[in-house]
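From first to last, the protein sequence lines stand for chains A and B.
With the first letter of the first sequence counted as 1, position 192 gets the number 192 in our numbering; the numbers rise by one all the way through.
With the first letter of the second sequence counted as 1, position 299 gets the number 299 in our numbering; the numbers rise by one all the way through.
Where a beta carbon is used, it is the ideal one built from N, C-alpha and C, also for glycine.
Predicted model only: the values in this text are computed from it and were never measured.
Protein chains: 2
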Amino acid sequence: MKKKLTLKQIARELDVSVSTVSKALRDSAEISEDTRQKIKAFAKLYNYKPNNIALSLKNRKTKTIGVIIPEIIHHFFTTVISGIEQEANENGYHVIICMSNNSFDKEVINMELLANGSTDGFILSVAKETQQKQDYHHLTEVINQGMPLVMFDRVIDEINCDKVVIDDVNGAKKAVQRLIDLECEKIALITTVDYVSVGKLRTQGYLEALEENELLPQDDLILKVEDFDSSEEEIAEFLRNKDIDGVFAVNEHFAVYAIKALQQQGLKVPDDAYVIGFTNGELSKQFIPSLTTVSQHGAEMGAQAARLLIKKLESEEAEEGPYETIIVETELVERNSTKREFKKEILKF
Amino acid sequence: MKKKLTLKQIARELDVSVSTVSKALRDSAEISEDTRQKIKAFAKLYNYKPNNIALSLKNRKTKTIGVIIPEIIHHFFTTVISGIEQEANENGYHVIICMSNNSFDKEVINMELLANGSTDGFILSVAKETQQKQDYHHLTEVINQGMPLVMFDRVIDEINCDKVVIDDVNGAKKAVQRLIDLECEKIALITTVDYVSVGKLRTQGYLEALEENELLPQDDLILKVEDFDSSEEEIAEFLRNKDIDGVFAVNEHFAVYAIKALQQQGLKVPDDAYVIGFTNGELSKQFIPSLTTVSQHGAEMGAQAARLLIKKLESEEAEEGPYETIIVETELVERNSTKREFKKEILKF
DNA sequence: AACACTAGCGAAAACGATTTCGTGTTGAAA
DNA sequence: TTTCAACACGAAATCGTTTTCGCTAGTGTT
Numbered sequence: 001m002k003k004k005l006t007l008k009q010i011a012r013e014l015d016v017s018v019s020t021v022s023k024a025l026r027d028s029a030e031i032s033e034d035t036r037q038k039i040k041a042f043a044k045l046y047n048y049k050p051n052n053i054a055l056s057l058k059n060r061k062t063k064t065i066g067v068i069i070p071e072i073i074h075h076f077f078t079t080v081i082s083g084i085e086q087e088a089n090e091n092g093y094h095v096i097i098c099m100s101n102n103s104f105d106k107e108v109i110n111m112e113l114l115a116n117g118s119t120d121g122f123i124l125s126v127a128k129e130t131q132q133k134q135d136y137h138h139l140t141e142v143i144n145q146g147m148p149l150v151m152f153d154r155v156i157d158e159i160n161c162d163k164v165v166i167d168d169v170n171g172a173k174k175a176v177q178r179l180i181d182l183e184c185e186k187i188a189l190i191t192t193v194d195y196v197s198v199g200k201l202r203t204q205g206y207l208e209a210l211e212e213n214e215l216l217p218q219d220d221l222i223l224k225v226e227d228f229d230s231s232e233e234e235i236a237e238f239l240r241n242k243d244i245d246g247v248f249a250v251n252e253h254f255a256v257y258a259i260k261a262l263q264q265q266g267l268k269v270p271d272d273a274y275v276i277g278f279t280n281g282e283l284s285k286q287f288i289p290s291l292t293t294v295s296q297h298g299a300e301m302g303a304q305a306a307r308l309l310i311k312k313l314e315s316e317e318a319e320e321g322p323y324e325t326i327i328v329e330t331e332l333v334e335r336n337s338t339k340r341e342f343k344k345e346i347l348k349f
Numbered sequence: 001m002k003k004k005l006t007l008k009q010i011a012r013e014l015d016v017s018v019s020t021v022s023k024a025l026r027d028s029a030e031i032s033e034d035t036r037q038k039i040k041a042f043a044k045l046y047n048y049k050p051n052n053i054a055l056s057l058k059n060r061k062t063k064t065i066g067v068i069i070p071e072i073i074h075h076f077f078t079t080v081i082s083g084i085e086q087e088a089n090e091n092g093y094h095v096i097i098c099m100s101n102n103s104f105d106k107e108v109i110n111m112e113l114l115a116n117g118s119t120d121g122f123i124l125s126v127a128k129e130t131q132q133k134q135d136y137h138h139l140t141e142v143i144n145q146g147m148p149l150v151m152f153d154r155v156i157d158e159i160n161c162d163k164v165v166i167d168d169v170n171g172a173k174k175a176v177q178r179l180i181d182l183e184c185e186k187i188a189l190i191t192t193v194d195y196v197s198v199g200k201l202r203t204q205g206y207l208e209a210l211e212e213n214e215l216l217p218q219d220d221l222i223l224k225v226e227d228f229d230s231s232e233e234e235i236a237e238f239l240r241n242k243d244i245d246g247v248f249a250v251n252e253h254f255a256v257y258a259i260k261a262l263q264q265q266g267l268k269v270p271d272d273a274y275v276i277g278f279t280n281g282e283l284s285k286q287f288i289p290s291l292t293t294v295s296q297h298g299a300e301m302g303a304q305a306a307r308l309l310i311k312k313l314e315s316e317e318a319e320e321g322p323y324e325t326i327i328v329e330t331e332l333v334e335r336n337s338t339k340r341e342f343k344k345e346i347l348k349f
């Protein structure tokens, strides 16, 4: 078990000083060609690699970025991570990932831990609980310490920092508009409670689409799911005897549950009703019928977030703004859950 | 933008020495009650937190573990990460995640980068390409440097280290046995090429189950998928006019593709054939029909891996073995794709 | 011969923390 | 009055680098 080689050991071995070794390896002109070659050869032979920790301490930067996400099991977040990783690695950065599990306390602890030297900056999507509590002291604190922070997806408007979001309102609007174009007349919305910002925004998009088409929103066509765990039953209950012909759901799972619920009532999708979801995950692609969804381009979001953060990090002396907000456009991916040729009404003609 | 507080600043502010501050904060008996209180109060007031990097350098340990996985988009890996995270955090460790994207080169680079001080040890599932090349120098190297390594899922037998695997052979055997119990007579296997170790092992389980029931394996009932991207067509082609009544697939996607292919031929699952997959992901739960699968307990595997690694790290002076291999049992989760009451033959009686 | 320069290298400080080993001041025992 | 332990604190080494500054010899200039 050979221990890692250090400058000091090389110096002792070759009978020169530590500084000489360091300079030689960094091609300083101060060192003669001879000794430089000798030292480099030795270092290469024994596979010397400088110690990152020592470098971090010296340079006061770690070349790693901290990512804090609410949960990793959501396919969307994994695609974002993918994008972050890619962009970060291309620029010589590492990525530390922590999960808050949607808990405020864990989010705070993780940030504090990472803020003490482990990372140069943060990419964050806030926990649900944080959105509820509206306690952002941990966020303002890292910003005050001069650590750049980029928020994505679930962002906090009151916090002044770089942001990467999707156009939730427009994405939802596009989806609902599509349902309207398909001649749906009673369109249900399955969304989350309002303190989840994306739920709120997508609800807004739904309402705007209705309004633009001079349709009146009906409260009994809107379900705001409180608890994810019991959402399947809640949705089934909600859709019972509603006689709707279109559903817009703010995520994949709600959409799938809606389809299942409709099937239990003897209604087929897309024959009797169209369904559109949000987030283009594996489920949407493989489910039968495959789901038309609003795709969020997670990898793109991740890459943009990383790009923003690195830009701030490399710009000399974190100059405190101006902050950017990048809006990543959504895309409506059409699949079988809105396939017109299947729809019964059409066949009647 | 207040900079982070250091011991030195506290010392200057309170007109004592750095060592006094350090000792006071660590409750050393050397320091008088008076000054100790004073220093602690000051530190608390200004929210002093020691710099992790400096501690890492001093202690020669980072309290972080490096995780290298082939791809994050597979639901299985995200559950493993979840398990690692949980266990690591409970023990005061951080987690750095890197993806090899199944590339040998990226795996090597990532390991070398992290090995230079960034992490104390590794948890790894090797890239496909590494399994092909059989070049393990980067693995032996970190082990030689005294860094503990735990491999999970895709492990390399020749490398001597702690391992966490599932019982692939038995898992597959259980699944196939179930199909046999359901009176299937022509059972197809959809697997991967043999150099993917899990594919090989699950194939073995399939064969053993057949043998134990005195059924003869038929080459034309076995498909070894080479390229994931074209697997859907390959599977459809393979199943054309095969007249099988059972399918065992080594992952979720192959199982789903099989069901789709059968449906295109006018065969219904489970009415005309049973299908069992491997890996209990979101897809299996939500697909219609929902999939019977061999569940791998990813979080459990991750937790075990982290536990093994931390154990090695905390045991004084990495005593070079003995190495453990933990086998996490699989579990057959029954869903509709093997629901007997749906099967036509039964209804005939 | 006196001086200025430069090439080539080493000493030491710095990053932020911990820890070992002094050291000066008490107060009490002899 | 002397001696000594206990107490409370500081100096310095250490972890592994980088970088500034200084030093020494050799060379060239007048």
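If we define contact as Cβ-Cβ less than 9 Å, is residue i a contact residue for chain B?
i        : result
GLY297/A : The amino acid at residue 297/A is misidentified as Gly; the sequence shows His. It does not; no Cβ of chain B falls within 9 Å.
ILE53/A  : yes
HIS75/A  : yes
LYS49/A  : yes
ALA175/A : no
GLN265/A : no
MET111/A : no
GLY246/A : no
GLU90/A  : no
By Cβ distance below 8 Å, which residues in the same chain neighbour residue i in space, the five residues on each side in sequence not counted?
i        : result
TYR136/A : THR130, ILE156, GLU158, ILE159
SER56/B  : THR62, LYS63, GLY117
VAL256/B : GLY277, LEU283, PHE287, LEU291
Please name the residue, chosen from the options, that lies closest to residue i on a Cα-to-Cα basis.
i        : options                                : result
ALA127/B : GLN86/B, VAL169/B, PHE77/B             : PHE77/B
GLU282/B : HIS297/A, PRO289/A, GLU252/A           : GLU252/A
LEU309/A : LEU267/A, LEU189/A, PHE122/A           : PHE122/A
ASP168/B : ASP153/B, CYS161/B, TYR195/B           : ASP153/B
ILE96/B  : THR79/B, LYS106/B, SER125/B, THR119/B  : THR119/B
ILE276/B : PHE248/B, LEU215/B, ASN102/B           : PHE248/B
GLN204/A : VAL176/A, ALA88/A, GLU183/A, CYS184/A  : VAL176/A
MET301/A : ARG36/A, ASP271/A, GLU30/A, ILE327/A   : ILE327/A
LEU221/B : LEU189/B, ALA172/B, ALA306/B, MET151/B : LEU189/B
GLU331/A : GLY171/A, VAL269/A, VAL142/A, VAL250/A : GLY171/A
Taking 9 Å as the CB-CB cut-off, is residue i touching chain A?
i        : result
GLN286/B : yes
ILE81/B  : yes
THR64/B  : yes
MET301/B : no
THR368/B : Outside the modelled stretch of chain B, which goes from 1 to 349, sits residue 368/B, for which no answer is possible.
GLU85/B  : yes
ASN251/B : no
THR78/B  : yes
Starting from residue i and walking both ways along the alpha helix (DSSP H), at which residues does that stretch end?
i        : result
TYR323/B : That residue, TYR323/B, is in no alpha helix (DSSP H); it is neither H nor E in DSSP.
ALA249/A : No alpha helix (DSSP H) holds ALA249/A; the beta strand (DSSP E) holding it covers 246 to 249.
ILE96/B  : No alpha helix (DSSP H) holds ILE96/B; the beta strand (DSSP E) holding it covers 94 to 99.
ASN336/A : Neither: ASN336/A is in no alpha helix (DSSP H) and is coded neither H nor E.
Identify whether residue i lies in helix, strand or coil by the three-state DSSP scheme.
i        : result
GLU331/B : strand
LEU113/A : helix
ILE72/B  : coil
ASP243/B : coil
GLY121/B : strand
ILE159/A : coil
ILE310/B : helix
GLY66/A  : strand
PHE152/B : strand
Name the two residues that bound the continuous beta strand (DSSP E) containing residue i.
i        : result
LYS224/B : 222 to 225
ALA188/B : 187 to 192
SER295/B : 292 to 295
GLY277/B : 274 to 278
VAL164/B : 162 to 166
So, at 6 Å on beta carbons, what are the nonlocal neighbours of residue i in its own chain, with the 5 sequence-adjacent residues on each side left out?
i        : result
LYS133/B : PHE104
GLY66/B  : ILE96, LEU114, THR119, PHE122
Tell me which residues share the same chain as residue i and place their Cβ nearer than 7 Å to its Cβ, disregarding the 5 neighbours each side in the sequence.
i        : result
GLU226/B : VAL193
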